[in-house]
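The opening residue of the sequence shown carries number 355 in this note's numbering; numbering runs sequentially from there.
Glycine included, each C-beta is placed from N, C-alpha and C at the ideal position.
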Amino acid sequence: MGRDVGGAVAVVALARTGLAAAAAEAQNHHKYSIAFLPAADEEWRKLRKISKEQMFSRHRLDASEGLRRAKLEQLCDYLKECCVSSRAVNIEEAALTTTLNFISTTLFSVDFANYDSNSTHEYKEVAQGAMDALGALNLADFFPILKMVDPQGIKRRSEFCFAKLFAIFDDIINQRLESRKDGGGGGGLKKDDLLEALLDLRQGNEYDLSSDHIKHLLFLDINEKFGLVLSKVVPLKAVPSKYEV
Numbered sequence: 355m356g357r358d359v360g361g362a363v364a365v366v367a368l369a370r371t372g373l374a375a376a377a378a379e380a381q382n383h384h385k386y387s388i389a390f391l392p393a394a395d396e397e398w399r400k401l402r403k404i405s406k407e408q409m410f411s412r413h414r415l416d417a418s419e420g421l422r423r424a425k426l427e428q429l430c431d432y433l434k435e436c437c438v439s440s441r442a443v444n445i446e447e448a449a450l451t452t453t454l455n456f457i458s459t460t461l462f463s464v465d466f467a468n469y470d471s472n473s474t475h476e477y478k479e480v481a482q483g484a485m486d487a488l489g490a491l492n493l494a495d496f497f498p499i500l501k502m503v504d505p506q507g508i509k510r511r512s513e514f515c516f517a518k519l520f521a522i523f524d525d526i527i528n529q530r531l532e533s534r535k536d537g538g539g540g541g542g543l544k545k546d547d548l549l550e551a552l553l554d555l556r557q558g559n560e561y562d563l564s565s566d567h568i569k570h571l572l573f574l575d576i577n578e579k580f581g582l583v584l585s586k587v588v589p590l591k592a593v594p595s596k597y598e599v
């Protein structure tokens with residue numbers, strides 16, 4: 355616990371001095387994240403405005419109420435199925451699957467996982483790996499001469515996780531761009547999710563947004579929502595009783 359807090363404080367302190375943690379340099383995250391850009395920077399102000407108005411606004415939170423309810427209903431249905439068949443439930447995985455699907459549907463209008471497969475593990479490990487690397491207490495952040503050596507392997511782990519996560523984002527973004535085209539097989543249909551909102555902003559004239567901006571903003575949203583859940587989970591298994599579901 356103390357190590358986690360110390361790492362987080364160190365990262366924030368570095369960011370406020372205009373220096374980036376070594377792990378944040380993975381995929382140039384430090385150049386696109388409001389957590390690491392200097393507060394006086396014009397890029398920081400632009401990204402902060404987008405985050406405030408598009409990602410964490412009260413309107414978007416209110417609009418996702420129905421989605422949250424739907425994901426909870428899916429969880430209840432799964433627990434009922436386990437109750438009927440007397441199957442043990444991995445509480446941790448069920449909670450992570452529910453949260454992950456809520457986030458992925460909010461971002462991309464797709465479910466990343468289901469309750470009866472191991473697909474949750476892949477996305478969880480990649481997302482958690484990137485967030486753990488960013489919050490780790492890294493000697494290279496205090497002794498820059500060690501950055502090239504990366505004695506704890508934190509930068510390498512961060513680079514691997516970010517690359518894997520952004521490869522997933524790239525596939526989804528490219529598919530969405532094709533579906534938005536009139537001749538792309540999607541009939542030009544648009545979805546009501548965060549990716550659609552960011553792509554609309556990129557097409558507009560108010561913001562100069564690239565695909566890199568969008569990927570790092572999407573990671574920010576995952577970090578804010580999924581990171582809290584990952585830090586709280588405790589492995590637990592149970593067989594639900596029909597009286598408890």
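Within the same chain, Cβ atoms closer than 8 Å to the Cβ of Leu-571 are found at Tyr-386, Leu-401, Ile-404, Ser-405, Met-409, Leu-552, the five residues on either side in sequence being excluded. Annotated three-state conformation of Asn-468 is coil, per DSSP. Residues Tyr-386 of the same chain have their beta carbon placed closer than 7 Å to that of His-567, with the five preceding and five following residues left out of the count. When secondary structure is reduced to three states using DSSP, Ile-568 falls in the helix class. For the region 496-569, the continuous alpha helix (DSSP H) assignments of 4+ residues that do not extend past its boundaries occur at 508-534, 548-557, in sequence order.
Contact check between the region 484-503 and the region 375-391: three or more CB pairs, one atom from each, fall below 8 Å, which counts as touching.
Asp-546 and Asp-554 have their C-alpha atoms roughly 11 Å apart.
According to the DSSP assignment, Lys-400 belongs to the alpha helix (DSSP H) that extends over 396-404.
Three or more Cβ pairs closer than 8 Å define a contact, and the region 420-430 meets that threshold against the region 456-471.
By the Cβ test, the region 503-516 is in contact with the region 380-399, since at least three Cβ pairs between them sit closer than 8 Å. Per the coordinates, the alpha-carbon of Thr-451 lies some 41 Å from the alpha-carbon of Ile-499. In terms of CA proximity to Ala-517, Lys-569 leads the group Lys-569, Glu-446, Phe-466, Phe-390. Within the model, the alpha-carbon separation for Leu-548 versus Phe-462 is close to 7 Å.
Annotation for Leu-415: the continuous alpha helix (DSSP H) segment containing it runs 412-417. In terms of Cα proximity to Asp-470, the closest of Ala-389, Tyr-432, Gly-420 is Tyr-432. Per DSSP, reduced to three states, the secondary structure at Ile-388 is coil, with no helix or strand assignment.
With 16 or more other CB atoms across the displayed protein chains lying within 10 angstroms of its CB, Val-480 is buried. Selection Asp-524, Ala-467, Ala-417 evaluated against Leu-429 yields Ala-467 as nearest (Cα-Cα). In summary, Arg-530 is buried, with 16 or more beta-carbon neighbours lying within 10 Å of its beta-carbon over all protein chains present.
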